[in-house]
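Just below is one structure, and these are the notes that go with it.
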Amino acid sequence: MKDKPILRYNANERSNHWLVAILFIMAALSGLALFHPALFWLSHLFGGGPWTRILHPFIGVLMFVFFLFLVLRFWRANFFIANDRLWLRRIDRVMRNEEEGVPPIGKYNPGQKLLFWTLLLCMLVLLLSGIVIWRAWFSQYFGIGSIRLATLLHALAAFVLVLSIIVHIYAGVWIKGSVSAMLHGWVSRAWAKKHHELWYREVTREDPPDSQIRKKG
Numbered sequence: 000m001k002d003k004p005i006l007r008y009n010a011n012e013r014s015n016h017w018l019v020a021i022l023f024i025m026a027a028l029s030g031l032a033l034f035h036p037a038l039f040w041l042s043h044l045f046g047g048g049p050w051t052r053i054l055h056p057f058i059g060v061l062m063f064v065f066f067l068f069l070v071l072r073f074w075r076a077n078f079f080i081a082n083d084r085l086w087l088r089r090i091d092r093v094m095r096n097e098e099e100g101v102p103p104i105g106k107y108n109p110g111q112k113l114l115f116w117t118l119l120l121c122m123l124v125l126l127l128s129g130i131v132i133w134r135a136w137f138s139q140y141f142g143i144g145s146i147r148l149a150t151l152l153h154a155l156a157a158f159v160l161v162l163s164i165i166v167h168i169y170a171g172v173w174i175k176g177s178v179s180a181m182l183h184g185w186v187s188r189a190w191a192k193k194h195h196e197l198w199y200r201e202v203t204r205e206d207p208p209d210s211q212i213r214k215k216g
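With numbering that gives the first Met the number 0, letter number 181 in the sequence shown gets 180, and the count goes up by one each step, no holes.
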């Protein structure tokens, strides 16, 4: 019982996450190809300039739609609680992997929660600004001033999003077990208790059903 792993992400959640990741890479590469002439060579990955211009907005919309599924699934777990403020004050201990004395937290730590809301905000800005500059479909609705402002906001939101994803990848690699959780879905009880004690207490309050505990063998 004590050594049985805990289910952190089910198959649908993991598939959704990796699909968003793939679409993000495609959107980032096609967006960079359109952002500056020095990066236009990236358009060859999408069949050339015209195809890159055609595909980029559709890729972006798909990314937003699938990300929205993740938002609907996890938004409740990303609300801040009192312990989160104390955790942030002692983040130096967390960075040194000295989590003794650090307040217990839920399924996500405050850094992950900040990232979640930052990603959501960036995605919304990218979607709305992208609609304004999507000339093939919406050219008749917006003037040149709106298009210039939307282009600036689109580039800024994309920049923040890329930086946030880099931080997300770094944190996932730095905290051993995080990447495995998103690949296989399971975490050890020791990992859950160390990094997300409140969540650990919640899922181990009583013997979990077979659907949440992976049996040996």
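For each residue, glycine too, the CB sits at the ideal point set by N, CA and C.
| message | Contact defined as beta carbons within less than 8 Å: I believe residue 187 pairs with residue 4. What is the distance between those atoms, to the nearest angstrom? | response | 6 Å
| task | Ignore the nearest five residues each way along the sequence and tell me which others in residue 10's own chain have a CB closer than 8 Å to its CB. | result | Same-chain partners within the cutoff: 184.
| said: In the DSSP output, which residue or residues are listed as bridge partners for residue 6? | reply: 185
| Expected contact under 8 Å - CB spacing of residue 89 and residue 101 to nearest Å | 5 Å
| Thinking just about the alpha-carbon of each residue, which of 138, 204, 159 and 93 is nearest to the one in residue 123? | 159
| field | DSSP state of residue 145 mapped onto helix, strand, coil | value | helix
| said: Rounded to whole angstroms, what is the Cα-Cα separation between residue 205 and residue 92? | reply: Because the pLDDT at residue 205 is just 45, under 50, the model does not fix this residue reliably, and the point stays unresolved.
| query | With burial defined as no fewer than 16 other Cβ atoms inside 10 Å of the residue's Cβ, what is the status of residue 86: buried or exposed? | reply | buried
| When you compare only the Cα positions, how much space is there between residue 109 and residue 79? | 7 Å
| task | Give the straight-line distance between the Cα atoms of residue 21 and residue 29, rounded to the nearest whole angstrom. | result | 12 Å
| Close beta carbons around residue 65, own chain, < 8 Å, minus the five adjacent residues each side | 15, 18, 19 and 22
| Using the C-alpha atoms, what's the distance from residue 103 back to residue 7? | 17 Å
| request: Can you give me the start and stop residues for the alpha helix (DSSP H) that residue 128 sits inside? | output: 109-131
| field | For residue 169, three-class secondary structure by DSSP | value | Looking at residue 169 - three-state DSSP - the assignment turns out to be helix.
| field | Three-state secondary structure (DSSP) of residue 203 | value | coil
| task | Tell me whether residue 176 sits in a helix, a strand or coil according to DSSP, three-state version. | result | coil
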